[in-house]
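Trainee:
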Amino acid sequence: MNAAHSDAAVETDDRLAPPDPTRAAAIDTATNDMSTTHTATSDLLVVANRLPVDRTGTAADGTPIYERSPGGLVAALEPVMRATGGAWVGWPGVAGDAGAPFESGGIQLVPVGLSAEEVTRFYEGFSNATLWPLYHDVIVQPIFHRSWFDAYEAVNRRFAEVAARHAAPGASVWVQDYQLQLVPARLRELRPDLRIGFFNHIPFPGYEIFSQLPWRRQIVEGILGADLVGFQRQSDTTNFLRACRRATRLTTRSQRIAVPTGEGATRVVRAAPFPISIDSAGFEALARTPEVAARARRIRSDLGDPATVLLGVDRLDYTKGILERLKMFEELLEDGQVSASDTVLVQVASPSRERVEAYRALRNDVEVTVGRINGDHGVVGRAPVHYLHQSFDRAEMAALYLAADVMLVTALRDGMNLVAKEYVAARHDEDGVLVLSEFAGAADELTQALLVNPHDIDGMKEQVVDAVRMSPSQRRRRMRALRRRVAAHDVGRWAQSFLGALAGGGHD
Numbered sequence: 020m021n022a023a024h025s026d027a028a029v030e031t032d033d034r035l036a037p038p039d040p041t042r043a044a045a046i047d048t049a050t051n052d053m054s055t056t057h058t059a060t061s062d063l064l065v066v067a068n069r070l071p072v073d074r075t076g077t078a079a080d081g082t083p084i085y086e087r088s089p090g091g092l093v094a095a096l097e098p099v100m101r102a103t104g105g106a107w108v109g110w111p112g113v114a115g116d117a118g119a120p121f122e123s124g125g126i127q128l129v130p131v132g133l134s135a136e137e138v139t140r141f142y143e144g145f146s147n148a149t150l151w152p153l154y155h156d157v158i159v160q161p162i163f164h165r166s167w168f169d170a171y172e173a174v175n176r177r178f179a180e181v182a183a184r185h186a187a188p189g190a191s192v193w194v195q196d197y198q199l200q201l202v203p204a205r206l207r208e209l210r211p212d213l214r215i216g217f218f219n220h221i222p223f224p225g226y227e228i229f230s231q232l233p234w235r236r237q238i239v240e241g242i243l244g245a246d247l248v249g250f251q252r253q254s255d256t257t258n259f260l261r262a263c264r265r266a267t268r269l270t271t272r273s274q275r276i277a278v279p280t281g282e283g284a285t286r287v288v289r290a291a292p293f294p295i296s297i298d299s300a301g302f303e304a305l306a307r308t309p310e311v312a313a314r315a316r317r318i319r320s321d322l323g324d325p326a327t328v329l330l331g332v333d334r335l336d337y338t339k340g341i342l343e344r345l346k347m348f349e350e351l352l353e354d355g356q357v358s359a360s361d362t363v364l365v366q367v368a369s370p371s372r373e374r375v376e377a378y379r380a381l382r383n384d385v386e387v388t389v390g391r392i393n394g395d396h397g398v399v400g401r402a403p404v405h406y407l408h409q410s411f412d413r414a415e416m417a418a419l420y421l422a423a424d425v426m427l428v429t430a431l432r433d434g435m436n437l438v439a440k441e442y443v444a445a446r447h448d449e450d451g452v453l454v455l456s457e458f459a460g461a462a463d464e465l466t467q468a469l470l471v472n473p474h475d476i477d478g479m480k481e482q483v484v485d486a487v488r489m490s491p492s493q494r495r496r497r498m499r500a501l502r503r504r505v506a507a508h509d510v511g512r513w514a515q516s517f518l519g520a521l522a523g524g525g526h527d
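What follows is the structure in structure tokens.
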């Protein structure tokens, strides 16, 4: 999506509109037939696979102890949720009973319980072994199990029912991501008075790939329960519109889908790109602290004060292009275009989905490759690759960004990739070079990065060499342009844009 289109994604009032009493009167009687009491307390609900907190222990009286999870989504939504009495519906991350709703940081949190079998079939199975690889261009072959879809359907129904009970009349409900694609339609059945939004954080594939899914029609119809459907890129929006035409035979016009509601009537659903971002001001402020600056200097010293530090920061996921990145760096060392004596690659690969076989195999391949590179090119006291299979807090990440001369974001496929934007926000010194995959959503916005095709090893090598040799003036020029973009389009603007469009009925 180009910058002009992003700027004009919504032109509605950014404030959340008050509930419409005429819509409130239309609450479906199905709500009253549900097995538990309808509380109807919140004017804004976020429905996500996970709550924005992590369970860290248990108090002496047996109640769970939670700490807020780091992440841009909750930071963006916190102010508007507090102002509207918002609630967040999600799984607490531990199998078993959900427990009672509780408050954290001024937001009402509503847990949804999952059994151990549902975690296996709904989350690890259908969400992450069927949908995730399918939506990322079948980098790994997806697995289709009917029992997994049955679990996905059941869990989505439960999320919708919990949301229906906690939404006030005429409330806005914002459903998040690929794990909950059936929630909008089920929620509309229960509560037709609600404004329902859905945002897909990962790519939406072309129909030739999506059509492999045996439940393609159910997924599309589930998403179309929303009034407004958001994607990261225009290409994702286009793919979804085509899926609507092919999988459900519905009519689309521009960015709108006509959905029959019975007796010849139709409801219009809008699909549009709303590229997500980060809390750029907050991340820059963190990077400016003396502690982070000192830590960045210490990192370079611990690495042996090399002339060039290359950095990769990813979840250990096959979509991130880590093996291709390592191969590229290995060939640069073999060709003599960079030297192990003055160039270091730091690769952070945070643990991810370690119970899934494809991820275990990837970890083994990455570690074998790192060992080979270090064995072939390292010397005593200096390894060309520093591989860190662990997670770090935001302060340590900011220090790593400041320490890195070149940031390598070379995903094979990515919905957005916020690491690229974090690197830009952290570089208040206006230095550093971003090498960015054209298959990451961030490439549509961060056009002053050096764009690469991560499947093209030779092309990546050329761009990395250009990044290493780039003049200081050119680095500053590019970084200033990148920083202007990230500062102007932060996560707060993203949330306001989507909620503003949803409050306006999903219209431009």
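The opening residue of the sequence shown carries number 20 in our numbering; numbering runs sequentially from there.
Even for Gly, the Cβ is constructed at its ideal location relative to N, Cα and C.
For A148, count neighbouring C-beta atoms within 10 Å of its own C-beta (all shown protein chains included) and say buried if the count is 16 or more, exposed if not.
Mentor: buried
Trainee: On the DSSP bridge assignment, give the partners of L128 in chain order.
Mentor: W107 and F121
Trainee: Give every residue of the same chain whose Cβ lies closer than 6 Å to the Cβ of G511, excluding the five residues on either side of it in the sequence, and list them in chain order.
Mentor: A95
Trainee: Can you tell me which residues form a DSSP beta bridge with D333?
Mentor: For D333, which the question treats as bridged, DSSP gives the partners A368.
Trainee: Whose C-beta lies closer than 6 Å to the C-beta of R401 among residues of the same chain, with five residues either side of it excluded?
Mentor: G323
Trainee: Comparing C-alpha positions only, which one of T60, R317, H508 and F121 sits nearest to E415?
Mentor: The residue with the shortest Cα to Cα distance from E415 is R317.
Trainee: Is the separation between the beta-carbon of M498 and that of R446 shorter than 7 Å?
Mentor: yes
Trainee: In whole angstroms, give me the CA-to-CA distance for E373 and T285.
Mentor: 45 Å
Trainee: To the nearest angstrom, how far is it from the Cα of R176 to the Cα of G397?
Mentor: 54 Å
Trainee: Taking the alpha-carbon positions, what's the R494 to A461 distance?
Mentor: When rounded, the separation of the alpha-carbon atoms in R494 and A461 is 19 Å.
Trainee: Can you grab the Cα-Cα spacing for the pair Q467 / A422, in whole Å?
Mentor: 20 Å
Trainee: From what residue to what residue does the beta strand (DSSP E) around T82 run?
Mentor: Unbroken run through T82: none, as it is neither H nor E.
Trainee: Output the distance between the C-alpha atoms of D354 and L419, rounded to the nearest integer angstrom.
Mentor: 27 Å
Trainee: From the DSSP output, read off the bridge partner residues of H226.
Mentor: Here residue 226 is Tyr; the residue named in the question, His, does not match the sequence. DSSP, once it has assigned bridges, lists no residue as partnering Y226.
Trainee: With three or more C-beta pairs closer than 8 Å as the rule, is the segment 269-276 touching the segment 300-320?
Mentor: No: fewer than three Cβ pairs fall under 8 Å.
Trainee: Taking a contact to mean a Cβ-Cβ separation below 7 Å, would you say A459 touches A506 in this structure?
Mentor: It is not a contact, given that the beta carbons lie outside the stated cut-off.
Trainee: Where does T308 fall in DSSP's three states?
Mentor: coil
Trainee: For V66 and P491, I'd like the C-alpha separation in whole angstroms.
Mentor: 46 Å
Trainee: Does DSSP put P37 in a helix, a strand or coil?
Mentor: Residue confidence for P37 is low, a pLDDT of 34 falling below 50, so the modelled location carries little weight; the figure read from the coordinates is stated next. Reduced to three states, the DSSP call for P37 is coil.
Trainee: So, helix, strand or coil for V113, using DSSP?
Mentor: coil
Trainee: Cβ of G244 within 7 Å of Cβ of R207?
Mentor: yes
Trainee: Exposed or buried, which one is D509 when buried takes at least 16 other CB atoms within 10 Å?
Mentor: buried
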